[in-house]
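Chains as they are written, first to last, in our numbering: chain F, 1 to 282; chain H, 1 to 304; chain C, 1 to 439.
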C-alpha cells in the first residue's frame, strides 16, 4: 500500500512563448486522493492533458506505475495511455450524447470487448465467448450505474440526463475502464452544495473500495480540504506549495496567490500607463 | 528560359483567378468554420451574369470597351453578391449550432442545386464568347519562340491587385472589417460585445461572392467559354489554394492561389495536361497531411 | 442572434398576422426578383461566338410570383399548425415508429422483394428498375457505415464503386476470372483502396476529409479516363462476362456445356437472366444489411458511433481513432466494391462516365434523406430517388435540382435525416420499463 503511483519530474509545457507548466515535480500515491489546485490559468488542466497524452510535454518525465509495470507516459500515444490504467473526465463534460448511458459505459470497455470479439470477426457470428464477455461488460456497467443511482435511467440518451447526473455518468464511464488512477477535472463544477457533498463521499468511497489513486483538479475548496490526502498548489504553472490540507490552509504563499496583494503593484506596466492616459483624457 | 517565362505569366494569371475565389472560402471558413461548398457555383454564376451583362450592354449600345467592362464588373458583382447572400440565408444560417456535418451537407446540396438551376435556365451547352479584349505584347523573342502577354492577362493581374488593395483596406480600416476580425476570433463574444454577427456573416458571404464574380468575369474573358459545370473544378482548386495558403488567412488565400496557378501552368507546360487536375488534388492531399495549417495559417491547438 | 429557419418570421402561437406575412413575402419576392432577373430573364442562345440573348420576362414574373405565394402559404400553414416544433415531432414519431418496428417492416419488405418477379407486376421493366433500386440500396447501406455510423463525410464513395467494377472487368479480361471468383477480389481491392486513401487523411478534420475524398473520387475518374493501356480510356471496357448460375450460363446454347434453361429443362427466356441478376443483388443487399445491423451491436460499431459523437472522449477511453475510422472506411469501401462488380456484370460494359461525382452525390443524398444510420430509411430513399425519374422525363430533368434542394431542406428541417431515430444497441430494461426518457 501507499507506493508511489505517478511520479512527475520537471514537467514543462510551452505553447510558443507561453509557459503553461513550469518545471513541475510531484508524486501521487496509490490509494490516495491528490488534489491540484490553483487560480484560473495556473496550468492545472494542462498538467492533466500531458498526463493523459493529449499534449506532449516540452520537457519532463512522467512515470506511471501501471497495470503492466512502470511506463513513461510522455512517450506513449494518447489513446494507449488508458490501457495502462489511467482514466479521466473532462472539465466540460464529454459524454457520447446520442448514445444511452449504458452504451457509454459499454464503449468504455472497448479494448477488452474488442479482443473478446476476435476483432469483430468472431463477434459477427455470435461466438459464445464474446457473448459472455458482453454480458460481463453489461454487468459491470450495471454495477456502476447502480452505484451512481442511475440504474433507472440506463436507457436514456446520455445527453438528456440532468447536468449533475451527466457528471456522475462520466465518472462511472471512467471507472468502467478499471483504472489504477482516476483523473478528475473539476468534477464539482456546476453542482449544488448537496451534490458536491455526495460527490465528495463518492470519491472517498471509490478510493477506499476500489483501492485506486485519484488525481483531482478542483476549485471547490471545502471539498478539496475535506477529502484530499495531499494538495499541490500551482500558480502561473509553477508549484508554490505542497502538503496536507492543514499545511496548505495556513501557507502564506498560497494565501497570497489566492487573495493577491495590494492591487496596484500587480498591474503590468502597460496597463498602468493606459490607466494613467485614460485618467488624463477624461 | 523563355518557355519558362511564358508559363510563369500563364500561371500567374491563372493563380490570380484562383486566389480571388479562394478568398471567399477563406473568409467564410475564418468566421464560421465551414467550407462553403457552393462557392464554386457562385463563381460560375458570376461568369454567366458577366456574359449576359456584356450582351445586354451591347444591345443597349454601350460599345466603348472600358466603360462596358466597368459596368459589367459592377453588375456581375452586385447580382452575384445577391446569390451569395441568399445562399447563406437559406442554407447555412438556419444550421448554425446544428450537428457537425449538417452545414457541409447543406452546402453540397446547395452546390448541386445551383448547378442544375443554371443548367435548366441556360441550357447544358458550352457558351462561347467572342474575344472582347484583344491584342497583347511580345515581351521577348528567340529562335522563333515568343513570350506573349495578352491584354486580358494584363487586365486580370492589374484588376486583382487593385481589388486586393481595396479589400485589405476594408478589412483593416472599416467597422465592417473590425466586426469581421472580431467574429473570426470568437463568434459568441463578438455577439455579446454588440457586433451584429448575422449581418457580419451575411456581408462576408456578399464580399466573397463579389470577388468570385470578378473571377467569373475574368474567366469569361480569358477562356472565352463558360458552362454550368465550371464551378465544380474551379471550386475545388480554389479550395486547395485556400488550404495551401492557410485557410482563414486572406493573404494566404492569394498566395495559395498563385502557387497553385504556377504549379498547374508548369505541370501542363512541362509534363502533361491530362493529369493537371490530379496535380492540384495531390497538392491538396499533401498539404493537408504535412502542413495542415497551410503556409500562412495559424496553428490550431486542440482544446480539451 | 436569431436562429429562425427560413427567410421569414417564426409563426407566433397567437395566430396569423397577415400584414406582416405580406410584408415578408414581399421582401422574399423582391430578393427572388433580383436573383431571377439575370439568369431566368435572359437566356444565352446560339453557338460559337454568335451568342444572342433571348428575353424571358414572363419567367421572372412567374418565378417571383411563385416565391411570393409560396412564402405566404408556408407562413400560413405554419401559423395554422403552431410552432414548427410540432411538425418536427410528427416526423420524429414516424421515424421512431419505423425504427421500433424495423424488424417487421424489414421482413415484409424482404418478402415483397422476393416475390416481386412472380407477381403480375414483375415484368422485365419493373424487375430491371428494381435491380437498379437495389444497387443503390446496397451502396446506401455501405456508405451508411461511413457517414451514418462513423460520422465521416465521404464524397468520393463512387471511387470504390469504380474500383470494384473495374477490378472485375479487368480480372475477367486478363485472367478469365468469373463473377464469383472476382467478387471477393473486387471487395478486397476496394477495401485496400479505402485504407490507402484513409490512412493519410483520416486524421484530418471532418470537412477536410470530405474535400479530400471528393478529390480522390475525381483522381480515380481522371486516371480511368487517361490510362488507355489498362482501362481503355473513355471508350470503357465491353464484353464483361455475365454471371453464371453455379456454372450454368444464361444463353440459348453454350459451347461449354449446359445452359441454365437446358439444365432445368425449361424453355429459354432472356428474362431468366434479368430475374437472376435481380435475386443476386437482392441477396447481396440483404447480406449487407445483415452485416451492418450485426456490426452495429459489436464493439467496433459502438466505437464508430462514439467517435462520431466525441473523438477526444474516445481517446481518453483508449480507443484508437485512426484504426477505428479506417475499419469503417475499408468496410464501407468493400461494399461499394461488391456493388461495383455487380454493376459491371449486369451492364456488361463500363466506362468512366458511370463514376462521376453526381453518382457520389446521389448515394450521399440517399443516406442523408433516408436518415443517417437508418437502414430502412436508406432503402426507402433509394426507392424514391431511383423511381422518381422513371415516372417521367420531367422528373429526370429536375432530379438533381430536387436532390440538391432536398438535401438543404432536410438539413434545415431534420438534420439527422428524415427517418433518423436511433435504437440503442443494447438495453438494460425492456422497452417501457425503467424511467421513460424525455424525447
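The beta-carbon is built from N, C-alpha and C at its ideal position, and this holds for glycine as well.
**Prompt:** Shorter than 8 Å from the beta carbon of residue 181 of chain F to some beta carbon of chain B?
**Reply:** Chain labels in this structure do not include chain B; the protein chains are F, H and C.
**Asked** Taking DSSP as the reference, what is the three-state secondary structure of residue 52 of chain F?
**Response** Taken through DSSP and simplified to helix, strand or coil, residue 52 of chain F comes out as coil.
**Request:** Would you check if the distance between the CB atom of residue 35 of chain F and the CB atom of residue 204 of chain F is smaller than 8 Å?
**Result:** Not a contact, by the Cβ cut-off of 8 Å.
**Prompt:** In or out: residue 215 of chain F buried (at least 16 other Cβ within 10 Å) or exposed?
**Reply:** Flag for residue 215 of chain F reads buried.
**Prompt:** Quick one: what's got a C-beta closer than 6 Å to residue 430 of chain C's C-beta in the same chain, skipping five residues either side?
**Reply:** If you ignore the 5 residues before and after residue 430 of chain C, its C-beta comes within less than 6 Å of no other C-beta in its own chain.
**Request:** From the DSSP output, read off the bridge partner residues of residue 283 of chain F.
**Result:** As displayed, chain F neither begins before 1 nor continues past 282, which places residue 283 of chain F out of reach and without an answer.
**Message:** Would the stretch 272-290 of chain C count as touching the stretch 123-140 of chain C if we require 3 or more Cβ pairs under 8 Å?
**Reply:** Under the 8 Å Cβ criterion, the stretch 272-290 of chain C counts as touching the stretch 123-140 of chain C, having at least three qualifying pairs.
**Message:** To the nearest angstrom, how far is the alpha carbon of residue 390 of chain C from that of residue 407 of chain C?
**Reply:** C-alpha separation (whole angstroms): 20 Å.
**Asked** Nearest-angstrom Cα distance between residue 21 of chain C and residue 75 of chain C?
**Response** When rounded, the distance between both Cα atoms is 7 Å.
**Asked** By how many angstroms is the C-alpha of residue 90 of chain F removed from the C-alpha of residue 104 of chain H?
**Response** Going from the Cα of residue 104 of chain H to the Cα of residue 90 of chain F covers about 28 Å.
**Prompt:** Are the beta-carbon atoms belonging to residue 300 of chain C and residue 324 of chain C less than 8 Å from one another?
**Reply:** Yes, the Cβ-Cβ distance between residue 300 of chain C and residue 324 of chain C is below 8 Å.
**Prompt:** Using a beta-carbon distance below 8 Å, is residue 274 of chain H in contact with chain C?
**Reply:** So yes, residue 274 of chain H belongs to the interface.
**Message:** Just to confirm the assignment: which complete beta strand (DSSP E) runs, minimum length 3, are found wholly within the stretch 162-214 of chain H?
**Reply:** Within the stretch 162-214 of chain H, no beta strand (DSSP E) run of at least 3 residues lies entirely inside it.
**Asked** Should residue 280 of chain H be counted as a contact of the ligand ATP given a C-beta to heavy atom distance under 7 Å?
**Response** Of ligands this structure carries none, so the ligand ATP is not represented either.
**Asked** Cβ of residue 72 of chain H within 8 Å of Cβ of residue 102 of chain H?
**Response** Taking the C-beta atoms as reference points, residue 102 of chain H is found no nearer than 8 Å to residue 72 of chain H.
**Message:** Assuming the contact rule is C-beta atoms closer than 8 Å, residue 176 of chain F and residue 230 of chain F should be a hit. Round their C-beta distance to whole Å, please.
**Reply:** Taking a contact as a CB-CB distance under 8 Å, the pair residue 176 of chain F and residue 230 of chain F does not count as one, their CB atoms being some 26 Å apart.
**Message:** If I follow the unbroken alpha helix (DSSP H) through residue 210 of chain F, where does it start and stop?
**Reply:** Taken as a continuous stretch (DSSP letters only), residue 210 of chain F belongs to no alpha helix (DSSP H), as it is neither H nor E.
**Asked** The beta strand (DSSP E) with residue 232 of chain F in it runs from where to where?
**Response** Counting along the chain, the beta strand (DSSP E) containing residue 232 of chain F begins and ends at 230-235.
**Prompt:** DSSP beta-bridge partners for residue 276 of chain H?
**Reply:** Bridge partners of residue 276 of chain H: none, in fact.
**Coil, strand or helix - residue 137 of chain H by DSSP** = In this structure, residue 137 of chain H counts as strand in the three-state DSSP scheme.
**Request:** Could you check the C-alpha separation between residue 227 of chain C and residue 191 of chain C for me, to the nearest Å?
**Result:** Cα to Cα, the separation comes out at about 22 Å.
**Message:** Taking 7 Å as the limit between beta carbons, can you name the residues of its chain near residue 203 of chain H, skipping five residues before and five after?
**Reply:** Excluding five sequence positions before and after residue 203 of chain H, the CB atoms of its chain that fall closer than 7 Å to its own CB belong to 176, given in chain order.
**Message:** Assuming contact is defined by CB atoms lying nearer than 8 Å, are residue 42 of chain H and residue 92 of chain H in contact in what I supplied?
**Reply:** In this structure, residue 92 of chain H does not lie closer than 8 Å to residue 42 of chain H by Cβ.
**C-beta neighbour in chain C for residue 171 of chain F, strict 8 Å** = Not one chain C Cβ lies under 8 Å of residue 171 of chain F.
**Prompt:** Hey, how far is the Cα of residue 248 of chain C from the Cα of residue 382 of chain C?
**Reply:** Their Cα atoms are separated by approximately 32 Å.
**Request:** Rank F/66, F/166, F/83 by C-alpha distance to the C-alpha of residue 96 of chain F and give the top, closest one.
**Result:** Nearest C-alpha to residue 96 of chain F: F/166.
**Message:** For the stretch 65-89 of chain H, list every residue whose C-beta sits within 7 Å of some C-beta in chain C, in sequence order.
**Reply:** For the stretch 65-89 of chain H, the beta-carbon criterion of a distance under 7 Å to any beta-carbon of chain C is satisfied by 79, 82, 83, 86, 89.
**Request:** Would you decide whether residue 142 of chain H is buried or exposed? Buried here means 16 or more other CB atoms lie within 10 Å of its CB.
**Result:** Burial state of residue 142 of chain H is exposed, judged by a 10 Å Cβ sphere holding fewer than 16 other Cβ atoms.
**Request:** Drop a sphere of 10 angstroms on the beta-carbon of residue 221 of chain C, count the other beta-carbons inside from all chains shown, and report buried for 16 or more, exposed for fewer.
**Result:** Residue 221 of chain C comes out buried.
**Message:** For a contact defined as C-beta to C-beta under 8 Å, what are the partners of residue 416 of chain C on chain H?
**Reply:** Residues of chain H with a Cβ closer than 8 Å to the Cβ of residue 416 of chain C are, in chain order, 99.
**Asked** Can you list, in chain order, the residues of its chain whose CB lies under 7 Å from that of residue 50 of chain H, leaving out five sequence neighbours each side?
**Response** Cβ within range, chain order: 72, 76, 216, 217, 220.
**Message:** Looking at the secondary structure, which residues open and close the alpha helix (DSSP H) in which residue 310 of chain C lies?
**Reply:** Here residue 310 of chain C belongs to no alpha helix (DSSP H), and DSSP marks it neither H nor E.
**Alpha carbon of residue 25 of chain C to alpha carbon of residue 41 of chain C, nearest angstrom** = Approximately 21 Å between the Cα atoms of the pair.
**Prompt:** What is the DSSP secondary structure of residue 55 of chain C, reduced to helix, strand or coil?
**Reply:** Reduced to three states, the DSSP call for residue 55 of chain C is strand.
**Prompt:** If you pair each beta-carbon of the stretch 39-47 of chain F with each one of the stretch 14-24 of chain F, do three or more pairs fall below 8 Å?
**Reply:** Taking a cut-off of 8 Å on C-beta distances, the stretch 39-47 of chain F touches the stretch 14-24 of chain F, as three or more cross pairs fall below it.
**Asked** Taking only beta-carbon atoms, is residue 177 of chain F less than 8 Å away from chain C?
**Response** Chain C has a Cβ within less than 8 Å of the Cβ of residue 177 of chain F.
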